[in-house]
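Novice: First, the structure itself, so that you have it in front of you.
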Amino acid sequence: MGLPKTLRRCLGSTNVIESPNSGIRSRTGRVKNWQDHAMVVRWVAASLLDMEKRFRRVMGYQQLWMLKATLKDLAEDTSVDTRSQVA
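Residues 4 to 90 (this note's numbering) are what the sequence shown spells out, left to right.
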């Protein structure tokens, strides 16, 4: 995709996704009686807000505009077949 090295290094792994997932899991792991969907959303939001203080910046965050432009170009170039694929 022609992205800068620092951005490729950071986004080349799943750590950016797995770290918040792990934090949510550790904070909500003992809850056994989820009342409803709203309760789940509140707990996840509270977990993310608590972890936010310890998040670091994405390496190469200054070049995220390049990623956005590349993805936009790819999305425009890709045509989607909207016909139903029924066998």
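Where is the CB? At the ideal position from N, CA and C, for every residue including glycine.
(1) Span of the alpha helix (DSSP H) holding Thr73?
(2) How many Å lie between Thr81 and Val34 at the Cα?
(3) At 4 residues or longer, what runs of the alpha helix (DSSP H) sit wholly inside the segment 4-51?
(4) Assign Met62 to one of three DSSP states: helix, strand, or coil.
(5) Can you check which of these residues, Arg59, Ala72 and Ala49, is closest to Asn18 by C-alpha distance?
Specialist: The short version:
(1) Here residue 73 corresponds to residue number 70 of the sequence shown, with the count starting at 1. From DSSP, the alpha helix (DSSP H) with Thr73 extends over Leu67 to Asp80.
(2) As a first step, residue 81 is located in the sequence shown; it is residue number 78 there, counting from the start. As a first step, residue 34 is located in the sequence shown; it is residue number 31 there, counting from the start. The C-alpha of Val34 is placed about 43 Å away from the C-alpha of Thr81.
(3) Within the segment 4-51, the complete alpha helix (DSSP H) runs of at least 4 residues fall at 8-14 and 18-31.
(4) In the sequence shown, the residue the question calls residue 62 occupies position 59. In this structure, Met62 counts as coil in the three-state DSSP scheme.
(5) Within the sequence shown, the letter at position 15 stands for residue 18. The alpha carbon of Asn18 has as its nearest neighbour, out of Arg59, Ala72 and Ala49, the alpha carbon of Arg59.
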